[in-house]
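Chains X and D, in that order, are what the protein sequence lines are. When the first sequence is numbered by numbering that gives the first Met the number 0, its final residue is 247 and no position is left out of the sequence of numbers. When the second sequence is numbered by numbering that gives the first Met the number 0, its final residue is 675 and no position is left out of the sequence of numbers.
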Amino acid sequence: MSALLEVGGLTVKHGGLIALDDVSLTVAEGQVVGLIGPNGAGKTTFIDALTGFTAPARGHVHFEGRDLTDAPPHERSLAGLVRTFQSLELFDDLSVRDNLLVAAHPPTLWSTITDLFWPKSHDSAETHGILELLDLLPIADRLPTELSNGERHVVALGRALVSSPKLLLLDEPAAGLDPSETAELTERLRRLPEIGTSVLVVDHDMSLILGVCDEVHVLDFGRLVASGPPEAIRTDPTVIAAYLGRSA
Amino acid sequence: MSTYLGYLLAGLGSGAVIASLALGLVLSHRTSGVVNFAHAAMGMYVAFAYFEFRETGELVLPFLGLPARIYLLPRPTQTTALIVAVLLAATLGLLVYLLVFRPLRQAAPLARVVASLGLLLYLQEIVRLRFPVSGAVATRHRPVLADDPIDLLGTTVTQNRLLLLLLAVVAAAVLGAVFRFTRFGLATRAAAGNEKGALLLGISPDRLGAVSWAVASVIAGIAVILIEPIAGISATTTPLLVIPALAAALLGGLESFAITTAAGVAIGMVQSLILGWAVRPDTTWLPDWLPTTGIQQFVPVLVIIAVLVWRGDALPDRAAVSGRRLPPAPEPRNVLAWTVVLVGGAATMLATAGTELRHALIISLAFSLLTLSVVVVTGFSGQISLAQLAFAGVAGFASIRLTEHQVPFPVALVLAATLATLIGVIVGYPATRVRGMSLAIATLAMAVAIEELVLASPPFSGGHAGAAAPRPFLLGLDVGVGATGSDNFRPAFGYVCLGVLTLAALGVVNLRRNRTGLRWLAVRANERAAAAAGIDVTRAKLGAFAVSSFLAGLCGVLMAFSVTTLSPTSFLVIGALVAVALTYLAGVSSVGGALLAGALAQAGIVTTLLSSKGGGDADTYVFAISGIALILTAIFAPEGITGLVRDRVASLRHAAHRAGDQSPTSAVARVEGGPA
């Protein structure tokens, strides 16, 4: 089975600071892969670099065999490499349904012109499907600002899923969730490969990562310090050192 | 050689003024984060007040509703007058900060831009209304500085230019030293870095803001007083000195006093050199159609665009997502009913009303297309454009030239609007790299460039005389506006305007209800998230600029055919500010807001109805009042009038719903049902 995502030697510099140092990893189709690491390890920078929000100094990003290293963010998204944000970044002016609808279809010049003359072409099958799948139908017409934190997380997930991405990059999806909401999220993530979406999830929450992932990578000070199945990572001395501090 | 050196040195005066104004911009930006478009207008008011006081001993106050003048002294000396001017300037700066910009410290960039535009309009009108000398060129007053010639480097330069330069340099040096070496400077730098942190350290950003606005205002006032004998001052041109000043301030990164001053002086000198060069009889390579003053104005514009685009980023960085939003853009409801009522009402009015009211309605209908263009670009896609009227101007004159060449009126309408679209996309290009306040600056600069280079070009616009449109025909019917006597402002032309506006407004309604509009709103709400959702942010912004400038173009064509002769002065930048202002006031993110703004246009139906009832004052004060209204709206009702009405209706509906339905909502049930 060929790799869906193949990242090679990815290096990102913020001024003089090396935020990511020569990171290479692959995600195969149907996998749920975790990326953990302490605060400031470069996890969000990694997602930023994969999705075009930060330009890498070196390295490449190949997705389904296509070189996306220099592609702008929206092209990567349209190619099926879709991310979420730690701070969710919902469109606060738009209803839940419209938040999803915006991400549902790539526009064409023709659709822009017909939009001028056609009164309404709302609600697509995909949008409805995702709203249903994530139990968002009851709140579909509300604004994100009126929702609870847990509901907002689900909307962010829905917006990322509505374009049927091949790989979903989740940036701390459990941040601010209570244990029952985290459990629900874990269950949802586990089922994503069934609908054709592989997952790369970044989080501090060991229970989420170790509970849902087929493979886990550990990032510390911008470097990949360990990779392997969850059971191995749980007991890896390097990982324990990264989280609890190094012994002298 | 020495001729060119002479041109350069002659530019020292205006260069020094540009530098002084730029220093004030940097100062107020560093302490309060506001780029004040009204900065030069504040200096202009102080200068007018100074000269008036010096002549008459009367102090002219800038407040509507209060007495216009207070008599202070019989024959003030120059020193007394200068002291009064300094005090007046300091008070003005203080008031402007405390009343306008302090309340807006946390507001969205557009609210601050709008407030400073409101202030600009207001001060400009105060000067127009309250000072006897306010024509294009003010008469020469007794100058403060002597203009004795001094020999320098083999050519001569007047003393006052050198003294002005000295003033700018000293001001920059003092400001630089204060910021570097004093507690005040340290506090300002701390507050700029982290306002909350500064508060925790016991530093009040308010006091810093107040002091620096007063200082900035004093420097501006003195600079404009001193430049008057060299360049003259006027209510039309002096406020626009803010553009070269912005160019200088941007070159200094809105941060460095030294670079800003040097850049300001350099811009003034280069402008002077270009002007000197262009007017020389032996300069033959310049094409005739290029207005010489326009090339001169183009220098700061180029600087501004270059700096902004070079510094800008395609997407804002992680920290830059602003907390405050534009007013929500609700999905239009009851479109059919509104269309029937409004179109029916307007058609009835055209058919039955008298000449005056028909004229007013035609003006409002055409102006609504302009405000609709503001709704599309600003309300929907979140991009501030101050160049909409310039697009209208280009289309207006283009349509005249086209119909002169036998192009049928409807074809010319579309072609001219398409030309405006092309220009709109070019002007909108910086929007793909800069946002908020910077974009407002860039589009304002572009608008001035179009005004000076294109609209002032005699072969295109007819220059001062303007151009007259041929009589338009639609499907063989005469739809011209003109007729003799009370038949003038023929309903036929009104129907054309109404038809064009109806189609355009319905198109915009459809856009809002469709995915294209949703995408623009997504970009407006959060560019990073929009890009992550697969939206091409660049294309969305340029698309919005394209649609918007097409609408502005339609407005320009209708304007061209609604007057006997179309003059370039119909498209002055200040008019564009009024359009943005009125749209913001009426409600910038809805089609209803655009239509209301159209009704509120100068000489439109609302002011005409008011002045026919209320003695004709409404029209005189419309700019001044809309200036104040704008500031108040920015502070108290960022959603505009239509937003206020909508909220009112919604809360009434909510109350009615509450009263009728006693069952608690599910959210309430969940909270109440939870463990106590």
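Think of the CB as a built atom: it goes at the ideal place given N, C-alpha and C, for glycine as much as any other residue.
- By the beta-carbon neighbour count (other beta carbons within 10 angstroms, threshold 16), H404/D is exposed.
- V11/X is classed as buried because its beta carbon has at least 16 other beta carbons within 10 Å across all chains shown.
- Counting only runs of 4 or more residues that sit fully inside the stretch 122-182 of chain X, the alpha helix (DSSP H) segments are 124-132 and 148-160, in chain order.
- L34/X does not reach chain D, its nearest Cβ partner there being about 18 Å away, counting only Cβ pairs nearer than 9 Å.
- Between V374/D and chain X, the shortest Cβ-Cβ separation is not below 9 Å.
- Here the alpha carbon of V447/D sits roughly 46 Å from the alpha carbon of H152/X.
- For D150/D, no chain X residue has a Cβ inside 9 Å of its Cβ, as the nearest lies near 51 Å away.
- For the stretch 142-174 of chain X, residues whose beta-carbon sits nearer than 7 Å to a beta-carbon of chain D comprise R158 and S162.
- The criterion of a C-beta distance shorter than 9 Å is satisfied by D92/X and A524/D.
- Neighbours of R527/D across chain X, judged by C-beta separation under 9 Å: F52, P72, F84 and E88.
- Within 7 Å of the CB of A532/D, the CB atoms of chain X belong to S76, V101, A102 and R158, in sequence order along the chain.
- Taking the beta carbon of L520/D as reference, the chain X residues within 9 Å of it are F90, D92, L93, D97 and V101, listed in sequence order.
- In the structure shown, the three-state DSSP call for D21/X is strand.
- Using a C-beta cut-off of 8 Å, the stretch 39-46 of chain X makes contact with the stretch 214-222 of chain X, since at least three inter-stretch Cβ pairs fall below that distance.
- Note: E5/X is bridge-paired with T25/X and H61/X in the DSSP secondary-structure output.
- Below the 7 Å Cβ cutoff, chain X contributes D114 and L115 as neighbours of L510/D, in chain order.
- Cβ neighbours of G79/X within its own chain (closer than 7 Å, five residues either side excluded): P164, K165 and L166.
- Here Y3/D is exposed: its Cβ has fewer than 16 other Cβ atoms, across all protein chains shown, within 10 Å.
- Look at I149/D here: in three-state DSSP terms it is strand.
- CA-to-CA, the gap between I573/D and A40/D works out to about 12 Å.
- At least one beta carbon of chain X lies nearer than 9 Å to the beta carbon of R514/D.
- The Cβ atoms of V375/D and V577/D lie no closer than 9 Å to each other.
- Per the Cβ contact rule, the stretch 406-417 of chain D is not in contact with the stretch 459-466 of chain D (fewer than 3 Cβ pairs under 8 Å).
- Taking a C-beta distance under 9 Å as the contact criterion, S548/D and Q387/D qualify as a contact pair.
- Listed along chain X, the residues sitting closer than 8 Å to L517/D by beta-carbon distance are L93, D97, L100 and V101.
- R82/X is bridged by DSSP to L168/X.
- Residue-level contact check: V81/X touches chain D, since one or more beta carbons of chain D fall below 9 Å from its beta carbon.
- Each residue's CA atom was taken as its position, placing A467/D and I399/D some 7 Å apart.
- Counting along the chain, L34/X sits inside the beta strand (DSSP E) bounded by residues V31 to I35.
- Taking 8 Å as the upper bound on Cβ-Cβ separation, chain D lies near no residue of the stretch 183-206 of chain X.
- C-alpha of S566/D to C-alpha of L146/X: approximately 54 Å in a straight line.
- Among the CB atoms of chain D, one or more fall inside 9 Å of the CB of S110/X.
- For the C-beta of D646/D, not a single chain X residue is nearer than 8 Å; the gap to the nearest is close to 14 Å.
- For V590/D, the secondary structure class from DSSP, reduced to helix, strand or coil, is helix.
- In terms of Cα proximity to T338/D, the closest of P75/D, A504/D, N513/D and N35/D is A504/D.
- A distance of 9 Å or more separates the beta carbons of T181/X and D213/X.
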